[in-house]
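Beneath this line is the structure, given in structure tokens, with notes to follow.
What follows is the structure, encoded as structure tokens:
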């Protein structure tokens with residue numbers, strides 16, 4: 488099983504600033520890495536897939552990067568709807584596995 | 261694309277639960293369905309996958325022997341049954357659109373709204 492580790496667990500950021508979230512896999516997943524955003528009471532929503540491709544309707548302030556075992560999600564110009572929990576997920580192998588999440592909170 | 265799940269359930273320990281996921285807006289048999297659960301305050305946990313094309317399944321080892329995933333192509337609906345429930349199974353259960361098989365690599369691009377399953381005596 489591929490384990491996904493996210494850091495930090497919590498990120499405190501001011502509105503308009505930039506947040507960088509990290510995700511590491513215990514073995515290579517190539518570019519088969521997705522990021523999801525989840526707000527309370529909602530299902531996760533796909534933000535980035537293929538490590539760097541924005542999903543439909545996702546603004547260009549979201550940037551995904553990395554390949555293999557090291558990945559990052561950068562959110563520029565944070566807006567109120569970006570304060571949420573973000574999860575990375577590998578879909579290179581079964582079982583699909585998720586990171587434990589990074590909570591982005593308002594500073 | 262829409263995935264609409266059945267309503268919340270309250271079950272006693274030892275019971276079974278069935279959750280349905282009715283899909284619309286796309287060709288059902290061209291994507292698989294994965295089931296993911298999320299315990300209170302925890303991250304998502306993948307439970308398994310069902311092929312909507314031929315009914316093949318792939319279950320997480322943790323749930324082997326306790327879960328069954330099926331689909332009905334006449335109603336474009338996927339089902340997940342979890343047996344021998346304990347309080348540790350209290351969680352929100354989601355269905356999500358996934359790849360049609362192991363040769364494809366798809367993220368979960370559409371999700372159901374979630375079904376809260378509460379296990380309590």
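Residue numbers (the working numbering), protein chains in the order written: chain A, 488 to 594; chain B, 261 to 381. Glycine residues also receive a C-beta, built at the ideal position from the N, C-alpha and C atoms. What you are looking at is a predicted structure, and each value in this text was computed from that prediction instead of being measured.
Chain-order list of residues whose beta-carbon lies under 6 Å from that of residue i (same chain, five-residue window excluded)
i: residue 305(B); result: 297
i: residue 593(A); result: 570
i: residue 524(A); result: 532, 534, 571, 573
Nonlocal neighbours in the same chain, by C-beta distance under 7 Å from residue i, ignoring five residues either side
i: residue 588(A); result: 493, 572, 573, 574
i: residue 557(A); result: 511
i: residue 310(B); result: 292, 293, 317, 329, 330, 331, 338
i: residue 275(B); result: 345
i: residue 324(B); result: none
Residues bridged to residue i [DSSP beta-bridge criterion]
i: residue 269(B); result: 377(B)
i: residue 310(B); result: 293(B), 317(B)
i: residue 587(A); result: According to DSSP, residue 587(A) bridges with nothing at all.
i: residue 536(A); result: 540(A)
Residue i vs residue j beta-carbon contact at 8 Å
i: residue 517(A); j: residue 563(A); result: no
i: residue 580(A); j: residue 496(A); result: no
i: residue 308(B); j: residue 320(B); result: yes
i: residue 359(B); j: residue 353(B); result: no
i: residue 522(A); j: residue 551(A); result: yes
Spatial distance of residue i from residue j (CA atoms)
i: residue 357(B); j: residue 499(A); result: 32 Å
i: residue 270(B); j: residue 379(B); result: 6 Å
i: residue 381(B); j: residue 349(B); result: 13 Å
i: residue 503(A); j: residue 566(A); result: 6 Å
i: residue 285(B); j: residue 261(B); result: 4 Å
i: residue 368(B); j: residue 273(B); result: 31 Å
i: residue 265(B); j: residue 313(B); result: 20 Å
i: residue 300(B); j: residue 263(B); result: 22 Å
* the segment 272-284 of chain B touching the segment 334-348 of chain B, judged by at least three CB pairs closer than 8 Å -> yes
* Asked: How about the segment 524-537 of chain A and the segment 358-374 of chain B: do they share at least three Cβ pairs that are nearer than 8 Å?
  -> yes
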